[in-house]
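Worksheet: the structure to be examined is printed underneath.
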Amino acid sequence: MNFDKELDASGLNCPLPILRTKKALAELGAGQVLKVVATDPGSVKDMQAFAKQTGNELLSSAEAGGKYQFFLKKK
Amino acid sequence: MKKLAIIATKGTLDWAYPPYILASTAAALGYEVQIFFTFYGLQLVRKDMSCLKVSPLGNPGMPMKMPFGPKWFRDINWNIPNIIQANIPGFESLATALMKQTIANNGVATIPELRELCQEAEVKFLACQMTVELFGFEHSDFIDGIDYVGAASFFEFAGESDICLYI
């Protein structure tokens, strides 16, 4: 999937992946896509909750090799 | 915009986490957030936060595990009786150092980091003027940008809030 910016939140624990995601999204324009990589298992549900509450769209959420990958489209 | 009001009353390293984690997360979700620091919670807005410690004394819920060494060693729960803990000078400082190492090992944010994230996200800090005086603090002991108010001012915001937490 194409993306405009990548955020590596590996090794960070709650709530840092969400806070860093929020910051990274602030630097993007509407419709641009952010890729987030995280290792916190809690981030799977948290990223869904973040998207739902902020209106940014979670395009995909996947696990690969102990890491979680998210693609978020900025509102 | 949704509103979150928090009353922070505890002044230890472990209890510094809930208000700052919830406030910074809520702010990231678009909430307007205010934290009212009162009694021991005032320690959380001091310029110098080295006073924040964690005490295992009288806290049976706190696992006492070493943040270093091989796995079998890390897995041991050091169940030390209160009477012994209370008689070892510097026991709290030791427990605090071990807790800070555990926090770093787990990629958990430090309290100064979370407080800064709250400030960046424009979380509003209120301090209880009555307890500032009661404990003999000066406004210069605290970080900038704090409003010194009484209970009535807190209710002005809390009364309109969607969530109100006492921590």
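The listed protein sequences derive, respectively, from chains A and B. Here the first sequence stands for residues 1 to 75, numbered as in this note's numbering. Here the second sequence stands for residues 1001 to 1167, numbered as in this note's numbering. The C-beta atom is built at its ideal place from N, Cα and C for all residues, glycine as well. Quantities reported herein were computed from a predicted structural model and do not represent experimental measurements.
Cutting at 8 Å between CB atoms, please list the residues of its own chain near residue i, excluding the five before and the five after it.
{"i": "A:Gly31", "result": "Lys73, Lys74"}
{"i": "B:Met1066", "result": "Phe1073, Arg1074, Ile1076, Trp1078, Leu1098"}
{"i": "A:Gly11", "result": "Thr39"}
{"i": "A:Met1", "result": "Val33, Lys35, Leu59, Ser60, Phe71"}
{"i": "B:Gly965", "result": "Outside the shown range of chain B (1001 to 1167) lies residue 965 of chain B, about which nothing can therefore be said."}
Indicate the three-state DSSP secondary structure (helix, strand or coil) for residue i in the structure shown.
{"i": "B:Tyr1031", "result": "coil"}
{"i": "B:Lys1071", "result": "helix"}
{"i": "A:Phe3", "result": "coil"}
{"i": "A:Ala64", "result": "strand"}
{"i": "B:Phe1142", "result": "strand"}
{"i": "A:Leu19", "result": "helix"}
{"i": "A:Lys45", "result": "helix"}
{"i": "B:Ala1104", "result": "helix"}
{"i": "B:Ile1080", "result": "coil"}
{"i": "B:Val1132", "result": "helix"}
{"i": "B:Met1099", "result": "helix"}
{"i": "B:Phe1137", "result": "coil"}
{"i": "B:Ala1016", "result": "helix"}
Give me whichever residues DSSP pairs with residue i in a beta bridge.
{"i": "B:Asp1048", "result": "In the DSSP output, where bridge partners are listed per residue, B:Asp1048 has none listed."}
{"i": "B:Ile1007", "result": "B:Phe1036, B:Tyr1166"}
{"i": "A:Leu72", "result": "A:Leu34, A:Leu58"}
{"i": "B:Tyr1148", "result": "B:Ala1127"}
{"i": "A:Ala9", "result": "A:Ala38"}
Taking the alpha-carbon positions, what's the residue i to residue j distance?
{"i": "B:Ile1006", "j": "A:Leu19", "result": "19 Å"}
{"i": "B:Leu1114", "j": "B:Glu1032", "result": "17 Å"}
{"i": "A:Leu28", "j": "B:Pro1089", "result": "53 Å"}
{"i": "B:Glu1120", "j": "B:Met1064", "result": "34 Å"}
{"i": "A:Ala9", "j": "A:Gln53", "result": "20 Å"}
{"i": "A:Lys23", "j": "B:Gln1085", "result": "43 Å"}
{"i": "B:Pro1056", "j": "B:Gly1159", "result": "36 Å"}
{"i": "B:Thr1009", "j": "A:Val36", "result": "35 Å"}
{"i": "A:Glu6", "j": "B:Glu1116", "result": "23 Å"}
{"i": "A:Met47", "j": "B:His1139", "result": "39 Å"}
{"i": "A:Phe50", "j": "A:Asn56", "result": "8 Å"}
{"i": "A:Gly66", "j": "A:Pro41", "result": "9 Å"}
{"i": "B:Gly1061", "j": "B:Pro1081", "result": "13 Å"}
{"i": "B:Lys1100", "j": "A:Pro15", "result": "17 Å"}
{"i": "A:Lys45", "j": "B:Ser1093", "result": "36 Å"}
{"i": "B:Phe1039", "j": "B:Leu1134", "result": "9 Å"}
Is it true that the CB of residue j sits closer than 8 Å to the CB of residue i?
{"i": "B:Thr1102", "j": "B:Val1054", "result": "no"}
{"i": "B:Phe1142", "j": "B:Arg1046", "result": "yes"}
{"i": "B:Ser1024", "j": "B:Val1132", "result": "no"}
{"i": "B:Gly1011", "j": "B:Gly1058", "result": "no"}
{"i": "B:Cys1128", "j": "B:Phe1068", "result": "no"}
{"i": "B:Asp1162", "j": "B:Leu1004", "result": "yes"}
{"i": "B:Ala1027", "j": "B:Ile1111", "result": "no"}
{"i": "B:Gln1034", "j": "B:Phe1157", "result": "yes"}
{"i": "B:Met1130", "j": "B:Gly1150", "result": "yes"}
{"i": "B:Leu1044", "j": "B:Pro1019", "result": "yes"}
{"i": "B:Met1049", "j": "B:Gly1030", "result": "no"}
With a CB to CB cut of under 7 Å and the five nearest residues on each side skipped, what residues in its chain are close to residue i?
{"i": "B:Asp1014", "result": "Val1054"}
{"i": "A:Ser43", "result": "Pro17, Tyr68"}
Can you name, in chain order, every residue of its own chain whose Cβ lies under 6 Å from the Cβ of residue i, other than the five neighbours on each side?
{"i": "A:Leu59", "result": "Phe71, Lys73"}
{"i": "B:Ile1021", "result": "none"}
{"i": "A:Ala62", "result": "Gln69"}
{"i": "B:Leu1165", "result": "Ile1006"}
{"i": "A:Thr21", "result": "Val36"}
Which residues in chain C have a C-beta closer than 7 Å to the C-beta of residue i? List them in chain order.
{"i": "B:Asn1106", "result": "The question asks about chain C, but that chain is absent: this structure's protein chains are A and B."}
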